[in-house]
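Read the structure below first, then the notes.
Number of protein chains: 2
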Amino acid sequence: MMGGMSRSLAPQGRTGRPPLTSRAQILEAAHRLIDRDGWEKLTIRRLAAEIGVGATTLYHHIRNKEDLLILLLNDHVDRIERPPLPDDPRERVVVAATAMHDALAAWPWAAEILTVDGFVGLLDASALWMVEAVLAGAEGCGCTPDQAVHVFRSIWYYTVGEILVRAHSAHRRPGDDRPVRREPSFAGLDATRVPHLAAIGDRWPALAARDTYGEGLRAFVDGLLGPRAARGDV
Amino acid sequence: MMGGMSRSLAPQGRTGRPPLTSRAQILEAAHRLIDRDGWEKLTIRRLAAEIGVGATTLYHHIRNKEDLLILLLNDHVDRIERPPLPDDPRERVVVAATAMHDALAAWPWAAEILTVDGFVGLLDASALWMVEAVLAGAEGCGCTPDQAVHVFRSIWYYTVGEILVRAHSAHRRPGDDRPVRREPSFAGLDATRVPHLAAIGDRWPALAARDTYGEGLRAFVDGLLGPRAARGDV
DNA sequence: CCGACTTTTCGAACGCGTTCCGAAAGTAGC
DNA sequence: GCTACTTTCGGAACGCGTTCGAAAAGTCGG
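Next up, the structure:
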């Protein structure tokens, strides 16, 4: 059985109709489309039209749009240059987490896939140094491997939340007084029931617009790796 | 046009065609639909059919589906009973944040609206006690009002991230080997490039499945309200 | 009673992601 | 050359959220 040998090189044992489309071609066209029209215009149908094939053809090369975005994201993350990691393990966690955050926040459409099941497991090997650095830093602060995973996950939740909430901000159009969604009135709050909130008043939007990721991250790392990593369980 | 008798008796001064549909009626039908068929089946078209009106009619009573979900969420949160708040301000932050988390995590479709712009401002007054409690607790620990908002936002990001990531977990179907999305191989990692990750190996999924929201929250609160709230800026 | 005005209703249509299934275009064995 | 098999391609269709514009059904001022 199977007498043939050598002569590999070309897909020689290949049977079936030869493909016109390749995944590389799809990714390239996606980049072109995004650069030309913006990423909101990246749809399966437009992408197929850009390549010149039927829309449903793409589904033989990618599983769905979510996977296409993950491929594009990996493309991007691969090109990120690694910042120098400090010696102090705690500081290494901060730097690595910030690198994760910045890499993702720079891709507007990262928000659409950040929460897919097992996201970290879908990253290219070239992106895993960020995860590794967080784990290493945590263990360098005395964590067990299991505790280090907990540290990573906590920071990951915080990072994902920050990116998602901020990605959905500033999308509101000004002149729009349709039913519901009254423009939230931070000003007219009941000062007896929610005094602190009322004291903030309409300064809330301004405060919420501030970028405090870094501050929060440092606080979180302080709490997680604290003066003593002696939380027995986990 | 429709058979339904006019039953007018206009509430006086009211001009225009009398409405057949009310927002209360829509919300009631939505609840019915969710209870009967599950919340994945809550679509604008099905909801309209449940009421017996055209799909586009709903858009005169709700702005869009997102707003419908916010209305439903407020309905739910209103019914939540407030846990007793401890005296210790730091503990009050933990209890209030946990109440927020649990209220949201209990609604599977909360994940679809958690990140809308200015979410906190869209909550009913009856839900704001959770925000208030966090602010009050933070200020009780020596924070300025501005710092308290920062504390709330940080905890909010962490909470949103946790809920969103977990909501998207366990959606994968088992027998599915289409292009891309290889089942992530935590086992075969390069132990020289990512030693800590490789050491975890295939235990990652099990560790990631643990519920560690509470632990992470406590650590975050420790870091934010720390042994001393003397972080000059913010 | 008659327009003018206002509000609600809804059919038609758009673009979206995705599934289904038959047609097309190759190879392998006879 | 034929048949079987395998893989790719793509038109048709589905249900989705949403927009548009015309028709319906009231009130109001004459």
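Chain order of the listed sequences is A and B. The first sequence begins at 1 in the working numbering and counts up one residue at a time. The second sequence begins at 1001 in the working numbering and counts up one residue at a time. Virtual Cβ for every residue (Gly too), placed ideally from N, Cα, C.
- DSSP, reduced to helix, strand and coil, places residue 74 of chain A within a helical segment of the structure shown.
- The alpha-carbon separation between residue 67 of chain A and residue 48 of chain A amounts to approximately 15 Å.
- By the beta-carbon neighbour count (other beta carbons within 10 angstroms, threshold 16), residue 187 of chain A is exposed.
- Rounded to the nearest angstrom, the gap between the Cα atoms of residue 64 of chain A and residue 200 of chain A is 45 Å.
- At least one CB of chain A lies nearer than 8 Å to the CB of residue 1215 of chain B.
- Closest by C-alpha distance to residue 1071 of chain B, out of B:1051, B:1027, B:1153, is B:1027.
- Identification of chain B residues near residue 200 of chain A by a Cβ-Cβ cut-off of 7 Å yields 1145, 1149, ordered along the chain.
- Taking the C-beta atoms as reference points, residue 1110 of chain B is found nearer than 8 Å to residue 1163 of chain B.
- Here the stretch 1212-1220 of chain B lies against the stretch 153-161 of chain A, with 3 or more beta-carbon pairs under 8 Å apart.
- Listed along chain B are 1189, 1190, 1193, 1194, each with a C-beta nearer than 9 Å to that of residue 125 of chain A.
- Inter-residue distance for residue 1203 of chain B and residue 125 of chain A is about 18 Å (C-alpha atoms, whole angstroms).
- At a cut-off of 8 Å between C-beta atoms, residue 1107 of chain B does not count as an interface residue with respect to chain A.
- With at least 16 other beta carbons inside 10 angstroms of its own, residue 189 of chain A counts as buried.
- One finds 1208, 1212 in chain B with Cβ atoms closer than 7 Å to the Cβ of residue 153 of chain A, taken in chain order.
- Between the stretch 1013-1020 of chain B and the stretch 130-147 of chain A, the count of C-beta pairs closer than 8 Å stays below three; the two stretches do not touch.
- With its beta carbon at least 8 Å from every one in chain B, residue 15 of chain A lies outside the interface.
- Out of B:1209, B:1216, B:1054, B:1136, the CA that lies nearest to the CA of residue 191 of chain A is found in B:1136.
- Boundaries of the alpha helix (DSSP H) around residue 1220 of chain B: 1213-1225.
- Any Cβ of chain B closer than 8 Å to the Cβ of residue 169 of chain A would place that residue at the interface, and such an atom is present.
- Cβ neighbours of residue 1074 of chain B within its own chain (closer than 6 Å, five residues either side excluded): 1124.
- If the five residues before and after residue 1051 of chain B are omitted, its C-beta is found closer than 6 Å to the C-beta atoms of 1029, all from its own chain and listed in chain order.
- Within a 10 Å sphere around the beta-carbon of residue 1013 of chain B sit fewer than 16 other beta-carbons, which makes this residue exposed.
- The beta carbon of residue 204 of chain A falls within 8 Å of a beta carbon belonging to chain B, placing the residue at that interface.
- Residues of chain B whose Cβ lies closer than 9 Å to the Cβ of residue 47 of chain A do not exist; the shortest such Cβ separation is about 15 Å.
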